[in-house]
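Notes for the one structure printed next.
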């Protein structure tokens with residue numbers, strides 16, 4: 002009787018609520034910043050972005066489009082690349098928090114999200130250096146410049162595509178199966194567009210196509226598996242040390 006009275010006075014011990022990205026104000030602010038950034042860039046450089054798509058699909062022989070852009074346009078494009086990395090980090094963060102709930106319990110969500118963002122930026126920097134080095138060895142500067150512009154165009158529009166995906170992922174509780182299917186589809190579609198551009202720019206015969214596919218697997222497919230494995234190792238390290 003006395004125990005029940007003490008429990009009534011002291012109250013009951015509450016159950017801790019598991020971490021959820023949709024309840025995190027920081028994630029909400031980050032997505033809002035991405036939305037306003039996209040709206041701002043679209044309002045300022047809409048014609049330039051449309052021209053990039055036309056150049057990508059038509060494969061025009063021309064000098065670098067970046068030579069005709071202003072410094073302001075370049076800043077907008079860098080913002081879009083940063084937005085792509087941020088949204089990719091948010092999607093990766095939400096996926097692994099669902100798959101491994103202990104991440105949300107042992108690691109600060111901002112540390113985890115920041116680690117994914119740094120990893121995405123390093124991966125992008127490595128790809129940029131690799132493309133530049135291989136282009137310098139095997140191709141002329143003009144053709145390498147065309148590919149770098151095309152790759153940048155894919156990154157810009159991937160960021161726009163990832164935004165609604167991130168919203169559904171965070172706030173509408175997409176199932177794990179739907180998340181994996183949509184994510185793999187976006188990766189597959191992006192890689193197909195990259196292969197299409199490679200064939201247009203660097204290939205002129207059947208033998209060249211076969212060799213190009215080999216290089217494509219080495220530069221585009223295998224690094225994705227290495228990146229995924231690296232993220233798993235990073236998760237294990239953060240759980241142990243934080």
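In my numbering, the protein residues as written are 2 to 243.
All C-beta atoms, glycine included, are put in the ideal place defined by N, C-alpha and C.
Secondary structure note for residue 47: its alpha helix (DSSP H) is the uninterrupted segment 26–59. With respect to the C-alpha of residue 188, the residue from 225, 56, 109 and 108 having the closest C-alpha is 225. By the criterion of a C-beta distance shorter than 7 Å, residue 199 is surrounded in its chain by 213 and 217, once the five residues flanking it on both sides are discounted. The three-state reading of DSSP puts residue 140 in coil, since its state is none of H, G, I, E or B. Residue 74 and residue 103 have their alpha carbons spaced roughly 42 Å apart. Fewer than three beta-carbon pairs drawn from the region 168–177 and the region 138–158 are found closer than 8 Å, and the two stretches are therefore not classed as touching. The Cβ atoms of residue 42 and residue 167 lie no closer than 8 Å to each other. Between residue 89 and residue 163, the C-beta gap is smaller than 8 Å, which places the two residues in contact. For the pair residue 34 and residue 211, the Cα-to-Cα distance works out to about 43 Å. With a threshold of 16 other beta carbon atoms within 10 Å, residue 143 falls short and is exposed. By the criterion of a C-beta distance shorter than 7 Å, residue 196 is surrounded in its chain by 217, once the five residues flanking it on both sides are discounted. Take residue 105, set aside five residues on each side of it, and the residues of its chain with a beta-carbon closer than 6 Å to its own are 20 and 98, in chain order. Contact between the region 228–243 and the region 112–128 is established, with three or more Cβ pairs separated by less than 8 Å.
When DSSP states are grouped into helix, strand and coil, residue 220 belongs to the helix group. With 16 or more other Cβ atoms inside 10 Å of its own Cβ, residue 84 counts as buried.
The C-alpha of residue 126 is placed about 20 Å away from the C-alpha of residue 234.
In the structure shown, residue 133 falls within a helical segment according to DSSP collapsed to helix, strand and coil. A buried status is given to residue 146, since no fewer than 16 other beta-carbon atoms sit within 10 Å of its beta-carbon. Looking only at 194, 46 and 220, the smallest Cα-Cα distance to residue 136 is reached by 220. The shortest C-alpha to C-alpha distance from residue 81 to any of 184, 222, 156 and 165 is the one to 156.
Scanning its chain for C-beta atoms nearer than 7 Å, with the 5 sequence neighbours on each side dropped, one finds around residue 170 the residues 92, 95 and 180, in chain order.
Per DSSP, residue 197 is one residue of the alpha helix (DSSP H) stretching across 177–203. Under the three-state reduction of DSSP, residue 108 is assigned to coil, being neither helix nor strand.
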